[in-house]
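Note sheet for the following structure.
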Amino acid sequence: PGAYLQGDDLIYADENGQVVFAQRSQLILPGNHNVANFLAAAVFSHASGATWTAITEVGRSFAGVAHRLELVGEVNGVRYYNDSIATTPDRTMAALEAFAAPIILIAGGSDKQLSFAELGQAISGQVKHLILLGTTAAKIRQAVLDAGGVSLELVEHLGEAVALAGNLAAPGDVVLLSPASASYDQYPNFIARGDHFRGLVEDLNKENKPGGRKL
């Protein structure tokens with residue numbers, strides 16, 4: 001027995017035949033790696049006795065591990081993801097690959113003395129708007145400009161970044177906090193930064209009822 005993706009269908013197959021148990025478009029978690037993880041978990045769960053209805057509901061409702069591409073809210077058709085654990089350029093580049101929707105990226109933080117050249121290229125090719133803050137803002141900005149550039153803004157703090165992202169975003173967009181930098185210039189750790197982001201999105205959600213939903 002096994003499970004695989006065909007088009008938008010998630011399919012389980014064994015000696016008794018095939019069953020379409022979910023659609024990829026129903027899953028909250030973005031990215032091919034999360035689809036693969038869900039397929040593997042579905043096979044294990046089904047073998048352990050879980051119903052397809054229960055398995056599908058998990059896929060529709062599970063928002064991910066805290067601070068790792070964690071869906072923290074949806075406001076006026078815009079999804080907000082907390083990837084505060086992304087403290088290096090490589091992690092942020094991986095996060096960008098997880099989305100097909102237009103991305104408004106919030107990045108920057110304390111400096112780990114890493115190169116942002118490849119990240120600059122990724123941002124130039126994949127990001128709709130870039131919002132930068134923190135010690136590394138100038139370095140990331142220069143890397144993006146060297147790679148061709150995108151629409152970008154510099155802000156002082158995360159609250160300003162979230163407010164600006166909310167104004168820039170259109171329905172269907174993704175607002176992604178994936179700093180590519182450590183947090184120590186403004187926060188004790190990435191957890192505190194991610195928690196602050198989550199709280200800011202919850203506040204934005206409350207301010208924009210109806211049309212928002214808290215997860």
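So for the sequence shown, this note's numbering puts the first residue at 1; every next one is plus one.
All C-beta atoms in this analysis are idealised placements derived from N, C-alpha and C, irrespective of residue type, glycine included.
Reduced DSSP secondary structure (H/G/I, E/B, other) of residue i
| i | result |
| --- | --- |
| Asn16 | coil |
| Gln113 | coil |
| His67 | coil |
| Asp90 | helix |
Where the beta strand (DSSP E) through residue i begins and ends
| i | result |
| --- | --- |
| Ile103 | 103-107 |
Within 8 Å, strictly: CB atoms of residue i and residue j
| i | j | result |
| --- | --- | --- |
| Lys139 | Ala182 | no |
| Ala161 | Leu204 | no |
| Ile104 | Val175 | yes |
| Ala292 | Ala180 | Only positions 1 to 215 of the chain appear in the structure, and residue 292 is not among them; the question remains open. |
| Glu156 | Ile131 | no |
| Ile106 | Leu177 | yes |
Buried versus exposed call for residue i [16 or more other C-beta atoms within 10 Å across all chains shown]
| i | result |
| --- | --- |
| Phe38 | buried |
| Thr53 | exposed |
| Thr51 | exposed |
| Val20 | exposed |
Contacting residues, own chain, Cβ-Cβ under 8 Å from residue i (five flanking each side not counted)
| i | result |
| --- | --- |
| Val43 | Pro1, Gly2, Ala3, Tyr12 |
| Gly246 | The structure shown has nothing for residue 246, since the chain only spans 1 to 215. |
| Ala47 | Pro1 |
Endpoints, alpha helix (DSSP H) assigned at residue i
| i | result |
| --- | --- |
| Ala36 | 32-47 |
| Ile140 | 137-146 |
| Leu164 | 158-168 |
| Ile191 | 190-207 |
Residues of its chain near residue i, where Cβ-Cβ distance is below 7 Å and the 5 sequence neighbours each way are ignored
| i | result |
| --- | --- |
| Glu118 | Pro89, Met93 |
| Ala22 | Leu10, Thr56, Gly59 |
Residue i beta carbon near the ligand ADP (any heavy atom closer than 7 Å)
| i | result |
| --- | --- |
| Ser151 | For the ligand ADP, the structure offers nothing, since it holds no ligand at all. |
Same chain, Cβ closer than 6 Å to residue i, five either side skipped, listed in chain order
| i | result |
| --- | --- |
| His129 | Ile104, Ser151, Leu168 |
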